[in-house]
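In what follows, a structure is listed as structure tokens, so that the remarks can point back to it.
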């Protein structure tokens with residue numbers, strides 16, 4: 004058996020004899036699962052397995068959410084495999100690669116892609132996810148999958164642009180999806196539609212507004228042919244560092260890459276199973292990219308020549324995906340356990356009994372494992388082993404050459420990608436969505452603008468005010484570009500053309516067309532006012548501005564006269580006798596009858612009673628009362 008068929012990764016001490024051992028490629032197609040606390044040696048084991056695969060000529064792909072693992076792995080690529088490396092580094096913003104999960108998907112895989120994308124969104128927005136969001140997003144994705152040239156950015160256009168939505172719906176062949184858009188979505192009220200699509204726009208907009216992610220998922224054609232990479236044994240290294248991209252962006256890109264690999268593997272159905280070249284997918288910190296789609300991948304990936312090697316820290320990290328941990332343990336061929344916590348030890352107790360107890364699992368040393376190894380399709384009894392130390396970094400290494408070669412073959416210049424996305428999503432010759440929203444807002448808020456703001460939005464003909472004559476300038480009739488009036492300028496309307504004209508303002512802030520009118524202290528001898536004073540006859544009516552102003556002379560005040568005037572005023576105020584009783588209009592006025600009694604019915608003599616109508620009332624003295632209230636006499 005050649006070394007290429009077996010990947011050596013550990014050694015065992017049996018009866019004081021150290022023996023290195025490994026796993027066959029066919030057995031690895033039934034997947035490997037590594038679990039253990041941080042720092043126990045999981046990443047080193049994965050790295051050694053990958054280096055062996057690269058040296059043995061296998062095709063591999065690795066997703067690293069930290070970045071350090073893949074950066075070190077680049078240094079281990081031998082010279083003869085430099086051209087096989089595809090390095091995906093989203094933080095290299097000047098040379099973005101393209102990943103479009105909606106590209107050229109057959110009808111048989113459309114629901115698989117839609118489910119995978121929704122699984123990613125649901126994982127990221129687990130607290131804000133709802134059944135209505137899932138329903139609308141599923142129909143949106145299925146509609147876009149039938150329309151050529153769509154990307155994940157098309158989700159925003161499908162929800163917001165009616166013209167684009169009509170084009171996509173008219174191209175649909177699926178009667179159920181078409182019925183949703185024509186008979187259900189089109190009948191949503193404006194309020195309901197806003198409430199329904201606003202959460203989706205908010206969530207998807209977080210990715211489309213990020214230029215790093217937008218330039219990757221917004222390219223209609225993927226720059227990496229995943230099926231070709233698997234068939235030719237390429238080395239796909241994905242640096243999805245959360246520190247540079249953010250947790251959500253890293254999870255989205257990782258899930259998109261996994262979906263592309265899954266679809267590429269399933270497309271191998273068109274070739275004989277014996278000709279399917281093994282391809283191994285390594286995922287460190289698996290919980291960051293885990294979705295419900297992995298249940299299907301574990302069950303079917305083996306027959307398509309795809310083997311998985313997954314690693315994470317504890318089982319509870321997978322609780323978000325119901326049943327995923329059980330599916331992994333039930334389908335994985337090789338299980339390697341590093342030191343775990345007590346809860347995980349109880350979870351795996353039945354897998355390793357009776358050889359190892361939960362107490363044994365809790366007390367493992369670093370780089371030591373309990374292992375159930377698949378050998379020729381049969382699972383071995385659990386045994387202990389020690390993983391091999393990391394391989395030393397070779398000198399020289401070809402890291403820089405690999406990165407430059409990958410940029411040249413699998414990425415596009417940022418300027419070209421920006422132009423492509425701008426042309427596609429901003430429209431050629433059409434207004435962008437931002438322009439449409441701005442015009443809509445201006446129309447709805449037009450009544451709130453001030454007259455000055457309204458005038459500023461109008462077009463004004465240019466005025467030629469170089470000739471500062473006393474005549475009022477007429478509006479210009481040339482076809483020159485309109486000019487807006489200066490601040491404080493005149494905006495009167497010409498009666499002939501019904502168009503506003505502009506009166507310019509001088510530096511002093513006064514109009515040159517109509518200077519302000521004022522009176523001098525000394526009147527003009529030719530004015531009408533002077534003629535009135537001199538007694539000359541008037542030949543025309545006196546204008547208002549020629550009439551003399553009233554002038555009040557200030558005289559000295561005499562204190563005695565002022566006191567006398569105040570006393571006279573007070574005396575006059577005392578002589579005024581008010582009504583004995585104030586007239587009341589709330590009650591009807593009364594009058595006297597023939598028998599001298601007051602009545603409120605019949606003919607009314609007076610509008611209200613006066614003092615003369617009142618009869619004096621006789622008042623009788625009341626005898627004083629004692630303390631107990633009885634009448635008493637003095």
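Numbering (this note's numbering), first residue to last: 4 to 637.
For glycine and all other residues, C-beta sits at the position ideal for the given N, C-alpha and C.
Does residue 186 pass the burial test, meaning 16 or more other C-beta atoms within 10 Å, or should it be called exposed?
Label assigned to residue 186: exposed.
Span of the alpha helix (DSSP H) holding residue 208?
Note, residue 208: alpha helix (DSSP H), 193 to 211.
Tell me whether residue 501 sits in a helix, a strand or coil according to DSSP, three-state version.
For residue 501, the predicted structure reports a pLDDT of 48, less than 50, and the residue's modelled location is therefore unreliable. The matter cannot be settled from this model.
CA-CA distance, residue 355 and residue 375?
Near 8 Å, if we compare the C-alpha coordinates of residue 375 and residue 355.
Do residue 11 and residue 29 have their CB atoms nearer than 8 Å?
In this structure, residue 29 does not lie closer than 8 Å to residue 11 by Cβ.
Just how far apart, CA to CA, sit residue 118 and residue 207?
If I take the Cα positions, the gap works out to 16 Å.
Please identify the residue among 418, 571 and 120 whose C-alpha is closest to the C-alpha of residue 155.
Among 418, 571 and 120, the Cα nearest to that of residue 155 belongs to 120.
Could you tell me the distance, in whole angstroms, from the CA atom of residue 51 to the CA atom of residue 189?
The alpha-carbon atoms of residue 51 and residue 189 are separated by roughly 56 Å.
Helix, strand or coil for residue 170? Go by DSSP, reduced to three states.
Three-state result, residue 170: helix.
Would you mind reading off the limits of the alpha helix (DSSP H) that contains residue 404?
Taken as a continuous stretch (DSSP letters only), the alpha helix (DSSP H) holding residue 404 covers 402 to 413.
Which of the three DSSP states is assigned to residue 569 in this structure?
In this structure, residue 569 counts as helix in the three-state DSSP scheme.
Please report the distance separating the alpha-carbon of residue 184 from that of residue 145.
The alpha-carbon atoms of residue 184 and residue 145 are separated by roughly 11 Å.
Is the CB of residue 215 under 8 Å away from at least one CB in chain C?
Here there is only one protein chain, and chain C is not present.
Can you pull the DSSP bridge partners for residue 338?
36 and 375, per the DSSP bridge assignment.
Could you work out which residue in 248, 567 and 342 is closest to residue 359 when comparing CA atoms only?
Checked all of 248, 567 and 342; the closest Cα to residue 359 is 342.
Is it a yes or a no for the region 397 to 416 touching the region 71 to 78, going by three-plus beta-carbon pairs under 8 Å?
Yes: the two stretches touch, three or more of their Cβ pairs being nearer than 8 Å.
Here's the rule: buried if 16 or more other CB atoms are within 10 angstroms of the residue's CB, otherwise exposed. What is residue 425?
Classification of residue 425: exposed, given that the 10 Å Cβ count is below 16.
Going by other Cβ atoms of all chains shown within 10 Å of its Cβ, with 16 needed for buried, is residue 381 buried or exposed?
Exposed is the call here.
Do residue 65 and residue 220 have their C-beta atoms closer together than 8 Å?
Not in contact: residue 65 and residue 220 (Cβ atoms no closer than 8 Å).
Alpha carbon to alpha carbon, how far is residue 247 from residue 94?
Using only the alpha carbons, I get a separation of about 7 Å.
Considering only DSSP beta bridges, list what residue 350 is partnered with.
Looking at the DSSP assignment, residue 350 forms no beta bridge with any residue, so it has no partner.
Grab the span of the alpha helix (DSSP H) containing residue 3 for me, first residue to last.
Lying before the first or after the last residue shown, residue 3 is absent from the chain, which here runs from 4 to 637.
For residue 392 and residue 62, what's the separation of their Cα atoms in angstroms?
Distance between the alpha carbons of residue 392 and residue 62: 23 Å.
Count the other C-beta atoms from every protein chain shown that fall within 10 angstroms of the C-beta of residue 82, then say buried if there are 16 or more, exposed otherwise.
Exposed, by the Cβ-count rule.
Alpha carbon to alpha carbon, what distance is there between residue 25 and residue 386?
Between residue 386 and residue 25, the C-alpha separation is close to 14 Å.
Output yes or no for whether 8 Å exceeds the beta carbon distance between residue 216 and residue 252.
In contact: residue 216 and residue 252 (Cβ atoms closer than 8 Å).
Find the nearest neighbour of residue 224 within the set 71, 33 and 423, judged by alpha-carbon distance.
Answer by Cα proximity: 423.
Between the region 124 to 136 and the region 260 to 279, do three or more beta carbon pairs fall short of 8 Å?
Verdict: no, contact absent.
In three-state DSSP terms, what is residue 506?
Unreliable positioning characterises residue 506 in this predicted model, as indicated by a pLDDT of 49, which lies under 50. The coordinate reading is nonetheless provided below. The answer is strand: DSSP assigns residue 506 an E or B state.
Per DSSP, what kind of secondary structure is residue 428 in: helix, strand or coil?
Three-state DSSP puts residue 428 in a helix.
Assign residue 69 to one of three DSSP states: helix, strand, or coil.
Three-state result, residue 69: coil.
Smallest Cα separation from residue 245: which of 88, 255 and 172?
The option with the nearest alpha carbon to residue 245 is 255.
Hey, is residue 388 close to the ligand ATP, as in C-beta under 7 Å from one of its heavy atoms?
The ligand ATP is absent from the structure shown, which contains no ligands of any kind.
Just verifying my parser: in three-state terms, what is the DSSP assignment at residue 311?
In this structure, residue 311 counts as strand in the three-state DSSP scheme.
I think residue 258 touches residue 309, with their Cβ atoms under 8 Å apart; what is that distance to the nearest whole Å?
About 16 Å; that fails the 8 Å criterion.
Which stretch, first to last residue, makes up the beta strand (DSSP E) that contains residue 639?
This structure gives no information on residue 639, because the portion of the chain shown stretches from 4 to 637.
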